[in-house]
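Number of protein chains: 2
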Amino acid sequence: MGTNDGTETGAGVSTTRKTFEILEALKEEEGVTITELTRRTDLSKSTAYRHLATLTDMGYVIERDGEYYIGFRLVEISEQARTRKTGYTAAKRKVFELGQETDERAVFIVEEAYDAVYVYRHGSLTNTMIGKRRPLHCMASGKVILAEWTDDEVDAFIDARGLDAHTDHTITDRDSLYAELDRIRDRGYATNNEEFMEGMGGVAVPVFTPDDELLGALAVFGPASRFTGEYVHDELPDRLRDKAGEIRVTLAYG
Amino acid sequence: MGTNDGTETGAGVSTTRKTFEILEALKEEEGVTITELTRRTDLSKSTAYRHLATLTDMGYVIERDGEYYIGFRLVEISEQARTRKTGYTAAKRKVFELGQETDERAVFIVEEAYDAVYVYRHGSLTNTMIGKRRPLHCMASGKVILAEWTDDEVDAFIDARGLDAHTDHTITDRDSLYAELDRIRDRGYATNNEEFMEGMGGVAVPVFTPDDELLGALAVFGPASRFTGEYVHDELPDRLRDKAGEIRVTLAYG
DNA sequence: AACTGTGTTTCACCATCCGGAACATTGATT
DNA sequence: AATCAATGTTCCGGATGGTGAAACACAGTT
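Going down the list, the protein sequences come from chains A and B. So the first sequence is numbered by full-length UniProt numbering: it starts at 1 and just counts up by one. So the second sequence is numbered by full-length UniProt numbering: it starts at 1 and just counts up by one.
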């Protein structure tokens, strides 16, 4: 209500915002000292100190040699999101199998608040990526999810988030997106033609529960040079569909 | 300061405590409604409402059909803990290999604030367990970590947390624990003889970085009936040691 | 010994968090 | 339809307690 200038203040508890401002700052670095934190955020030193004291006291933040880290107690809370639906944990195993069998990076992705969120991942050395959020319209997984929505829902998404270009190949207008979604509904799988990042390709299929509720998307991705022809249009979609089906079966029968 | 009765209030930001009281409550259930939350916590309805509004606005909590859930944005933060050290992510892969090769439940465990914390896990259908905390003195993994500590450090742990009995087999006195730790240092691995839960056995080895810093522990566990004889004293320790060594090598050379 | 950069503590002010109660809304029951 | 119960939402005065500036303590450096 009233003027809505610049930064959306949002209603509610501003102290809580400060707390999470600190946690987000701790997330970025390996280990942060108090004064470094005051530099990065616009909190006063005593405020940062008091908040950190509270967080370490509760165990959500760990202090060692004057440096502060995110503690594992937060993992305990956040795991609720990843294990909420039994389908998610079923997908975890399939992601690993996919990664091993195809030798590509494999992920299970879910939509939340109009973002594609990495829930499980396999492949490559680093597995930083989990929890990261990507725009729906320029990911194979995101498009495969959008393809399951009604036109109204897709419209609402476009209105809320827009269709920003990430590369020259990104779909940036409404009609092209609708055409693409139709093609995806036809084929049963989506591809990513360097739409999010130059040189990166991918394939994705939707994952359904036994009662046909959309659970998320299984996807593999890698260098666009390799993701061409029947590999990307036959072999991978088949394999992905198999795994998605296995998740469904797992959910139906123990 | 002053009277320190019952619940340790601790110093700091009490609003933040309320926020996490809510998050912890959301963690327990599949989806919580506001009034249910006020029942479970001793927060007034308007307070709960205001906090939830803030948290959903920031994206840490998701609201659907009047029910509130932990959001994936918390995962993004907490992953910092799990990917902080490259050794952790190296361990992730080895845990999975262990699980597949041995067909037992395999875990990578780390010590934090005198608790054994599950960081990665493989095996069995549910993978709820990640982030969970266990007492150090009655887990194979915990004892293997204690065995790397100095006597003073172990004493401090005992003074702080005690040696509570979880089963008839739990080590509950200081001298027995010291004897056990000596045996572990000798052998290079620890076993769990139904010390945490009746009928459950396990084996663990320490994981070191290239510069001999203790990273955590690799462990497998399962029914005590199967965890006997040379399986638990030769085969599994050998296999675990191999994997721990591979983590070390991975850290040393890409 | 002076100095710079830390972490820690104190303190008075006033922002803002709180809880009760009123209001809105939904859905069930008669 | 109308009543009722249960829940979500908003409002508001009041005091709780979070806040920033500044003082203090401490370490390492020049």
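Backbone N, C-alpha and C fix where the C-beta goes; we use that ideal spot for every residue, glycine too.
Asked, Found
"Cβ pair Ile171/A, Val144/A closer than 8 Å", "no"
"Neighbour-count burial assignment, Glu195/A, 16 or more Cβ in a 10 Å radius", "buried"
"Selection from Ser78/B, Ile62/B, Gly87/B and Arg93/B that minimises the alpha carbon distance to Val84/A", "The sequence shown places Arg at residue 84/A, rather than the Val named in the question. Comparing Cα positions, the closest option is Ile62/B."
"Gly22/A: first and last residue of the uninterrupted alpha helix (DSSP H) it sits in", "For the record, residue 22/A in the displayed sequence is Ile; it is not Gly. Run containing Ile22/A: Ser14 to Glu28, per the alpha helix (DSSP H) assignment."
"Gly31/B versus Tyr68/B, Lys132/B and His51/B, residue with shortest Cα-Cα distance", "Tyr68/B"
"Contacts around Leu52/A, its chain only, beta-carbon distance under 8 Å, and the 5 residues preceding and following it disregarded", "Ile22, Ile34, Leu37, Val61, Glu63 and Tyr68"
"Start-end ranges of the beta strand (DSSP E) lying completely within the region 118-174 of chain B, minimum 3 residues", "133-135"
"DSSP three-state assignment for Tyr49/B, whether helix, strand or coil", "helix"
"Under 8 Å by beta carbon: chain A residues contacting Val17/B", "Reading off the sequence shown, one finds Arg at residue 17/B, where the question assumed Val. Correct list: Thr54 and Met58."
"Test item: CB-CB of Gly245/A and Phe227/A under 8 Å", "no"
"Contacting residues, own chain, Cβ-Cβ under 6 Å from Gly142/A (five flanking each side not counted)", "Ala116 and Leu136"
"Opening and closing residue of the beta strand (DSSP E) in which Phe96/A lies", "Taken as a continuous stretch (DSSP letters only), Phe96/A belongs to no beta strand (DSSP E), being part of the alpha helix (DSSP H) at Thr86 to Thr102."
"Inter-stretch contact at 8 Å, needing at least 3 Cβ pairs: the region 214-224 of chain B / the region 91-107 of chain B", "yes"
"Enclosing beta strand (DSSP E) for Ala219/B [first to last residue]", "Leu214 to Pro223"
"Span of the beta strand (DSSP E), counted from its first residue to its last, around Arg105/B", "Arg105 to Glu112"
"Inter-residue spacing [alpha-carbon to alpha-carbon] between Lys243/B and Leu43/A", "45 Å"
"Presumed contact (8 Å Cβ cut-off) between Val75/A and Ser46/B, rounded CB distance", "Not confirmed; about 31 Å, so no contact."
"Chain B contacts made by the region 176-188 of chain A, where a contact means CB separation under 9 Å", "none"
"Beta carbon of Asn193/B nearer than 8 Å to that of Met139/B", "no"
"Identity of the residue in Arg121/B, Ala224/B and Asp186/B nearest Phe96/B by Cα", "Arg121/B"
"Identified DSSP bridge partners for Val32/A", "Tyr68/A"
"Proximal chain B residues relative to Val95/A, where beta-carbon distance stays under 9 Å", "Within 9 Å Cβ-Cβ: nothing; Val95/A doesn't reach chain B, min ~11 Å."
"Closer than 8 Å at the beta carbon, the chain B residues around Glu24/A", "Ile77"
"Exposure label - Gly162/A; buried when at least 16 CB within 10 Å", "exposed"
"Phe20/A vs Met58/B beta-carbon contact at 8 Å", "yes"
"According to DSSP, residues forming a beta bridge with Phe208/B", "Leu214/B"
"Sequence-distant residues of the same chain with beta carbon closer than 6 Å to Met129/A, five excluded per side", "Tyr118 and Arg121"
"Cβ of Gly6/B within 8 Å of any chain A Cβ", "Reliability of the predicted coordinates at Gly6/B is poor, the pLDDT of 29 falling under 50, and the value obtained from them is presented with this limitation in mind. No, Gly6/B lies away from the interface with chain A (no Cβ there is under 8 Å from its Cβ)."
"Check whether Glu148/A and Leu214/A have beta carbons under 8 Å apart", "yes"
"Element boundaries [beta strand (DSSP E), containing Thr191/A]", "Ala190 to Asn193"
"6 Å Cβ shell around Lys92/B - same chain, five flanking residues per side excluded", "Tyr120"
"Cβ neighbours of Ile70/B in the same chain (closer than 8 Å, five flanking residues each side left out)", "Leu23, Leu26, Lys27, Tyr60, Val61 and Ile62"
"Below-8 Å beta-carbon distance, His51/A vs any chain B residue", "yes"
"Three-state secondary structure assigned by DSSP to Glu63/B", "strand"
"Chain B within 8 Å of Glu30/A, Cβ atoms only", "yes"
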